[in-house]
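Those protein sequence lines, which keep their order, are chains A and B. So in my numbering, spot 168 of the first sequence is number 168, and the numbers just go up one at a time. So in my numbering, spot 58 of the second sequence is number 58, and the numbers just go up one at a time.
2 protein chains.
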Amino acid sequence: MEYSDKQLQILDVAERLFAEHGFDGASVRDIAKDADVNVAMISYYFGSKEKLLEALFIRRVSEIRLQIENTVQNNALSPMDKIYQLVDTYIERMVNRQHFHKLVVREQMLRKESPVCMQIIETKKKNQELIRSIIKDGQNQGAFKNDVDVPLMMTTMIGTANQLITTQHIYRELNNLQDMPEEIFQENLKKKLSQHLKTIFKAILTYEA
Amino acid sequence: MEYSDKQLQILDVAERLFAEHGFDGASVRDIAKDADVNVAMISYYFGSKEKLLEALFIRRVSEIRLQIENTVQNNALSPMDKIYQLVDTYIERMVNRQHFHKLVVREQMLRKESPVCMQIIETKKKNQELIRSIIKDGQNQGAFKNDVDVPLMMTTMIGTANQLITTQHIYRELNNLQDMPEEIFQENLKKKLSQHLKTIFKAILTYEA
DNA sequence: GTTTAAATTAAACGTTTGTTTAGTTTTGCA
DNA sequence: TGCAAAACTAAACAAACGTTTAATTTAAAC
């Protein structure tokens, strides 16, 4: 799908407003206003508000799909390093696309049967298979434990990252970081989160229970 | 605050519908219908939809506050066992009050400056202080590492639990558990989650990085 | 039994919602 | 230049929204 500048503008604004106020909380008029287009253009281009949400998801999900396919091709890396690289890819993506991931957090618990949710599930399945294959390699090499719960491991990675990203204003307050400049805070977030998840994964994958 | 049966009915239905469709997605008419009361009764009792949400939060937050104060009083337990007990308390609460915790997940990222969010932050601060004191004990006894990031640790606990609870239908599908009876699945959820988080916490608190 | 307050109702209030219409302007091509 | 298609607009649409009103029923107190 190729979009004009105006369509992209609508998609970007919608993504932000949906993330900030929720799908039902952001009106098409608000979106049109912020995107500097007439209200009717949203129906004209995307059909409906619901379809706008779907289009928005398709855009990001295909972006993610490309990233997944290009991830961890380097066979020179050890299984553990592959996992580490995957963690960094994940964090980078989630921090860089915060608005979208807030949307995901909400929509995956609301519209359980919608096309939007189907896309999320498909993407998770792909991700899970990728991780599972890496872990199997590690187990065959004797580097990893044999009983690893991959879905739970993913849940911790995604859950921890989501929690930190969606409630970063609370995290700032709990750590007295209100005065830290936004950009530096974001970089700190990535670094801390990355190190934290790697420690956890190392424990899950290698230490005996 | 003491509520009549009818008021409690409204609060329960509102909690469920807010969790299922979001605050803006659930109308006062839907709530009134499901709670078997006239629409006007909601304004009559609670003042407004927004105030209804606040009342709902106050009810659960005070419930949680009581739980926190009664937690980990047993000084015979080792620091690690205290942490373990805290994890179980947390999971038990979140699984038993799923609707409310879905609400928390959403509202803590939307209404950043609202009274509702203030309550969440206050509760988190209390929780954090409790955990911090336990960890300090463990460090003084030489049982725990000295560099423990308590907020990040909490983020992983809450984030993992939230992620698993709010997307349990996806978790079921990823693990081919669609046919497992609901009740058994919920029990499994608690057990798995408990064991998983304890493993992680043990690693974070004791193994050297 | 009468009185007063609380509980409850159906209806209406004024907004806002997402979407459509009908008309106008702009664009690209012959 | 002329013309059809696409882009765009302001206005109107019906439906749904949260809330209020005014009237009625129920409950409690004296």
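For each residue, glycine too, the CB sits at the ideal point set by N, CA and C.
Is Q7/A buried or exposed, if buried means 16 or more other CB atoms sit within 10 Å of its CB?
buried
Helix, strand or coil for Y3/A, going by three-state DSSP, please let me know.
coil
Hey, how far is the Cα of A162/B from the Cα of G159/A?
Per the sequence shown, the amino acid found at residue 162/B is Asn instead of Ala. Whole-angstrom Cα-Cα distance: 7 Å.
Delimiting residues of the alpha helix (DSSP H) encompassing D30/B:
V28 to A35
Measuring only the C-alpha atoms, how far is K202/B from M80/B?
Going by C-alpha positions, K202/B is about 8 Å away from M80/B.
Counting only Cβ pairs nearer than 7 Å, list the residues of chain A close to D24/B.
G22, D24 and G25
Among A40/B, R97/B, N75/B and I83/B, the one whose alpha carbon lies nearest that of I210/B
Residue 210/B lies beyond the range of chain B shown here (1 to 209); nothing can be said about it.
Figure out for me which residue from R60/A, R59/A and T89/A has the closest Cα to the Cα of Q73/A.
For the set R60/A, R59/A and T89/A, the Cα lying nearest the Cα of Q73/A is the one of T89/A.
Using CA atoms only, rank isn't needed, just tell me which of S62/B, I204/B and K49/B is closest to A26/B.
K49/B
Going by CA-CA distance only, name the one from Y44/A, K82/A, E54/A and V13/A that's closest to F144/A.
K82/A
Measuring straight from C-alpha to C-alpha, what distance separates S43/A and M109/A?
26 Å
Curious, which full-length alpha helix (DSSP H) runs of at least 4 residues does the region 132-182 of chain A contain?
150-166 and 168-174
So V39/A and V28/A are supposed to be a Cβ contact under 8 Å. How far apart are they, rounded?
6 Å
For K145/A, decide whether its Cβ has a neighbour in chain B, counting only Cβ atoms nearer than 7 Å.
Cβ-Cβ to chain B under 7 Å: no for K145/A.
On the three-state DSSP scale, how would you describe E208/B?
coil
Span separating the alpha-carbon of S133/B from that of E208/A
One C-alpha to the other measures close to 28 Å.
Determine the closest residue to T206/B out of K136/B, L193/B and L177/B, with distance taken between C-alpha atoms.
K136/B
Between which two residues does the alpha helix (DSSP H) containing T71/B stretch?
Element bounds for T71/B: n/a, residue is neither H nor E.
Within 10 angstroms of its Cβ, does I184/B collect 16 or more other Cβ (buried), or is it exposed?
exposed
For L130/B versus L164/B, is the C-beta spacing smaller than 7 Å?
No, Cβ-Cβ distance for L130/B and L164/B is not below 7 Å.
Which residues, in chain order, does the region 91-119 of chain A contribute to contact with chain B at a C-beta distance below 9 Å?
K102, V105, R106, Q108, M109, L110, K112 and C117
List, in order along the chain, the chain B residues whose C-beta lies closer than 9 Å to that of A203/A?
T199, I200, K202, A203, I204 and Y207
Quick one: does N188/B have its CB under 7 Å from some CB of chain A?
no
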